[in-house]
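Trainee: So for the sequence shown, this note's numbering puts the first residue at 35; every next one is plus one.
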Amino acid sequence: MANVLEQLSQEMADLVEGAAESVLRVEARRRLPATGIAWSDNLIVAAHHAVEFEDDISVGTADGQRLSAALLGRDPRLDLALLKVDASLKPANWAEHDELRAGQLALALGRPRQKIRASMGIVTGLVGAADAKRQIKRMKAQFWKGEKKQWKGRKWRKRLAWEGGGWPLALAGGVILSDVTMYPGFSGGPLLGVDGSVYGMNTSGFPGGASTAIPLGSIRKSVAALLATGKIQTGYLGIGVQTAQLPDGVAAALGQEAGLLIVSIEAGSPAAAAGLLVGDILTALGGEAIEHVDELQVLLTRLDVGGETATQFARGGEVQAGSVVIGER
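1) How many angstroms separate the CA atom of G159 from the CA atom of S245?
2) Between T317 and I360, what straight-line distance do the alpha-carbon atoms span, to the nearest angstrom?
3) Residues in its own chain within less than 7 Å of Y217 by CB, not counting five upstream and five downstream?
4) My assumption, with CB atoms under 8 Å, is that I296 sits in contact with I266. Please give the rounded CB distance.
5) Among the candidates Q41, P146, A259, whose CA atom is the shortest distance from the CA of L106?
6) For L261 and S231, what's the separation of their Cα atoms in angstroms?
7) In whole angstroms, give me the CA-to-CA distance for G350 and S252.
8) Tell me, please, whether the segment 63-81 touches the segment 44-52 by the rule of three or more beta-carbon pairs shorter than 8 Å.
9) I'd like to confirm the pairing. Which residues does DSSP put opposite W73 in its beta bridges?
10) Hey, is D97's beta-carbon within less than 9 Å of any beta-carbon in chain C?
11) Does the Cβ-Cβ distance between A344 and L288 come in under 9 Å?
12) Quick one: measure Cβ to Cβ for L364 and L116, integer angstroms, because I've assumed they're closer than 8 Å.
13) Ordered along the chain, which non-local residues of its own chain (more than five positions away) have a Cβ less than 7 Å from that of E88?
14) Out of D229, G219, V257, I156, state which residue places its alpha-carbon closest to the alpha-carbon of I210.
15) In terms of alpha-carbon separation, which member of R100, D113, E61, K124 lies closest to D75?
16) Tell me where the alpha helix (DSSP H) around S252 begins and ends.
17) For Y270 and E300, I'd like the C-alpha separation in whole angstroms.
18) Going straight from the alpha carbon of T95 to that of A72, what length do you get?
19) Please go through the same chain and pick out, in chain order, the residues whose beta-carbon is closer than 7 Å to the beta-carbon of K118, but skip the five residues on each side of it.
20) Could you check the C-alpha separation between D97 and A68 for me, to the nearest Å?
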């Protein structure tokens with residue numbers, strides 16, 4: 035038994051040593067530095083929430099060098115920032131496929147100081163966008179069926195945020211959950227599988243206290259968008275809204291309890307061009323039901339800017355359909 039444990043211990047240490055050169059220290063905030071991962075020979079992915087500075091960013095390497103870094107762009111949805119250095123880095127050994135499996139061992143690596151640090155645990159779950167949507171729908175149904183008193187104010191949204199899926203998960207398109215300990219400064223570091231490949235970027239930037247990693251597939255898409263345009267396009271309608279319960283007849287016809295009451299419309303906005311009016315209750319966009327402002331924000335990060343999108347709304351107690359061309363904020 036002792037030999038087995040010793041062998042496992044040595045192999046884990048070898049995995050950390052093999053990945054260490056691609057794990058970087060990111061100094062971009064006033065408090066403890068965070069971690070970054072070498073995406074390519076001169077690009078680094080890091081945690082958006084840990085990159086507080088727009089300039090004067092420095093990166094520490096495994097051999098003690100301190101490099102100046104430029105911020106190329108941010109994707110707050112994924113808590114991701116993309117940095118560039120004028121140097122040659124060793125890219126991480128990125129996984130060939132996107133997902134680990136629940137129950138597999140995993141290592142979280144960080145370099146908040148000069149030396150590499152590691153934490154071991156298991157993958158506890160993989161939550162995709164579809165899982166998040168189902169959980170959101172179930173929990174909203176519970177809320178509207180009589181748990182309003184129990185979940186006063188915004189408490190239900192806090193519970194929704196991490197009980198099996200929530201707004202961050204829907205924004206990110208899925209996350210990897212694990213029980214690795216996220217020590218201070220580990221955000222932006224890699225989640226390493228036992229094959230030595232990097233499967234995601236760890237972050238503590240989402241609420242709820244869970245150990246979370248953004249999966250490789252989402253990182254790839256974000257990096258490609260940031261390299262192409264320097265920003266993540268966010269859709270825009272030009273409306274002010276608030277959640278409102280639907281009239282009984284409309285609620286029964288649509289199978290949903292609430293929608294978004296339009297309380298203001300900007301002149302010349304996509305909503306104005308689409309003929310939406312103050313007092314309309316928006317119930318669906320792009321074929322997806324909407325009951326809360328957060329859901330609209332999520333949808334606007336996914337819909338194509340410039341594309342024509344179907345709308346559904348209640349006006350004068352009747353359900354109507356239309357379309358709107360999504361603008362860019």
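Glycine residues also receive a C-beta, built at the ideal position from the N, C-alpha and C atoms.
Mentor: If we stick to the structure as given:
1) Looking at the two C-alpha atoms, the distance is approximately 11 Å.
2) T317 and I360: Cα-Cα distance of roughly 16 Å.
3) G144, R151, S153
4) Not really, about 26 Å apart at Cβ, beyond 8 Å.
5) A259
6) Distance between L261 and S231, taken at the CA atoms: about 24 Å.
7) 42 Å
8) no
9) In DSSP, W73 forms no bridge with anything.
10) The chain inventory of the structure shown lacks chain C, comprising one protein chain alone.
11) no
12) The structure shown has nothing for residue 364, since the chain only spans 35 to 363.
13) L105
14) Nearest of D229, G219, V257, I156 to I210, Cα basis: I156.
15) K124
16) 250-263
17) 11 Å
18) 10 Å
19) N76, L77, A103, A104, L106
20) 17 Å
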